[in-house]
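For reference, the structure is listed below as structure tokens.
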Amino acid sequence: MIRVELSKLVRRPRTWVTIALLAGLPVVVGIFVKASGLAPAPGEGPALLSEVLNNGLLFPAAALAIILPLFLPIAVSVIGGDTVAGEASNGTLRYLLSRPVSRNRLLVAKLTAVVAFIFLAVIIVALVAFAAGVVLFGIEPLSSISATPLSPAETAIRTILAILYIGWSMLGLGSIALFASTRTDSPLAASLATLAAFVASQVLDLIEATHSIQAALPVTPDAACAQRIDLLVDRLTAAVRSVDGVGLGRARGSVLLFPGPRSGFGNTFVGGVISEALDRARAAADHPHAG
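Each residue of the sequence shown is one higher than the one before, starting from -5 at the first, in our numbering.
Now the structure itself:
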């Protein structure tokens, strides 16, 4: 059953049209950035887009940041909303249910297809963005926050982890889309219901009074957190320059779009590491001969 659903997902032109649109949008943005020579100021626009002019290796992360807040959730809502409702609308659901397959197994197969689409889309977007980044901006070695050079393997591992994290963050929305798809025979209604739940959760996530339930809301990774990280690294770079005059502009890319999960652990951990490094850099600047 799972193999059948995956085969149907791959054979449908809609799947590839959706992925092509997701992958094409960052490329269009990259072309405009390259042609104009103007990138957003640090802390503005999608995370890391301010650095792609200096290093094309950061473009996959910037591309994921472009599609993550809105376009990827819409795609997941459309694909997930069609899983069961589409079968009901086409009249093929009764034939599926007449087969000697339990409904639980059918739903697991449908959910597997949604998960496969999520990771397939994210991986293809990252690969296309990598190729576009190399062609448009070229590549330079990356450095970590501590100015330690990152090997190509380390850079690839961080990018893969970011891809896995973003895919994982979409599973909740995909599950909601599948649930909505089982409650109606209209794929459009299921998709709209999923988007309504997503928008409502985003609004609730902005309200301080809903703090107790925010960890359970199906929202995307906090893009604002990634922007705050970008700003913190900018300030860290300036502080380190004031200490030894060494430019660490490439160090800003080391975070590679890793905003924390909704539990707050990732936000606290990443922000804490950068804040601690910033404090140390400031202390070194205030006492250059200490130690």
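Virtual Cβ for every residue (Gly too), placed ideally from N, Cα, C.
The structure displayed is predicted, hence computed values, not measured ones.
Same chain, Cβ closer than 7 Å to residue i, five either side skipped, listed in chain order
{"i": "residue 210", "result": "none"}
{"i": "residue 178", "result": "79, 184"}
{"i": "residue 33", "result": "27, 43, 44, 46, 47"}
{"i": "residue -5", "result": "95, 99, 100, 103"}
{"i": "residue 54", "result": "120, 123, 124, 127, 153"}
{"i": "residue 149", "result": "51, 136"}
{"i": "residue 10", "result": "none"}
{"i": "residue 35", "result": "44"}
Endpoints, alpha helix (DSSP H) assigned at residue i
{"i": "residue 44", "result": "Element bounds for residue 44: n/a, residue is neither H nor E."}
{"i": "residue 295", "result": "The displayed coordinates of the chain run from -5 to 285. Any statement about residue 295 would go beyond what the structure contains."}
{"i": "residue 156", "result": "146 to 163"}
{"i": "residue 7", "result": "7 to 30"}
{"i": "residue 185", "result": "181 to 199"}
{"i": "residue 106", "result": "97 to 131"}
{"i": "residue 71", "result": "65 to 75"}
{"i": "residue 34", "result": "Note, residue 34: premise wrong, no alpha helix (DSSP H); not H, not E."}
{"i": "residue 54", "result": "53 to 61"}
Integer-rounded CB distance, given that residue j should sit under 8 Å from residue i
{"i": "residue 110", "j": "residue 3", "result": "6 Å"}
{"i": "residue 157", "j": "residue 120", "result": "6 Å"}
{"i": "residue 118", "j": "residue 17", "result": "6 Å"}
{"i": "residue 107", "j": "residue 0", "result": "6 Å"}
{"i": "residue 191", "j": "residue 212", "result": "7 Å"}
Beta-carbon contacts of residue i that lie in its chain and below 6 Å, excluding the five residues immediately before and after
{"i": "residue 240", "result": "Low per-residue confidence applies at residue 240: pLDDT is 40, beneath 50, and the placement is therefore not dependable enough to give any value."}
{"i": "residue 203", "result": "none"}
{"i": "residue 116", "result": "157, 160, 161"}
{"i": "residue 256", "result": "Per-residue confidence for residue 256 stands at a pLDDT of 43, beneath the threshold of 50, marking its modelled position as unreliable; the derived number appears in the next sentence. Within the same chain, residue 256 has close Cβ partners 209."}
{"i": "residue 155", "result": "none"}
{"i": "residue 87", "result": "81"}
{"i": "residue 13", "result": "115, 118"}
Of the listed residues the options, nearest to residue i (C-alpha basis)
{"i": "residue 165", "options": "153, 174, 105", "result": "105"}
{"i": "residue 66", "options": "146, 113, 198, 187", "result": "113"}
{"i": "residue 74", "options": "208, 98, 175", "result": "175"}
{"i": "residue 71", "options": "168, 126, 57", "result": "168"}
{"i": "residue 21", "options": "145, 126, 118, 203", "result": "126"}
{"i": "residue 181", "options": "162, 195, 85", "result": "85"}
{"i": "residue 76", "options": "172, 93, 11", "result": "172"}
{"i": "residue 56", "options": "30, 24, 195, -3", "result": "24"}
{"i": "residue 297", "options": "87, 29, 35, 151", "result": "Since the displayed the chain opens at -5 and closes at 285, residue 297 lies outside it and no answer follows."}
Beta-ladder partner(s) of residue i, from DSSP
{"i": "residue 136", "result": "144"}
Heavy atom of the ligand HEM within 6 Å of residue i beta-carbon
{"i": "residue 115", "result": "Among the components of this structure there are no ligands whatsoever, and the ligand HEM is therefore not found."}
Beta-carbon proximity list for residue i, same chain, < 8 Å, skipping 5 on both sides
{"i": "residue 258", "result": "Interpretation of residue 258 is limited by its pLDDT of 37, a score under 50 that renders its predicted location unreliable; the figure taken from the coordinates is listed afterwards. For residue 258, where only same-chain residues beyond five positions count, the Cβ hits under 8 Å are 209."}
{"i": "residue 68", "result": "189"}
{"i": "residue -2", "result": "103"}
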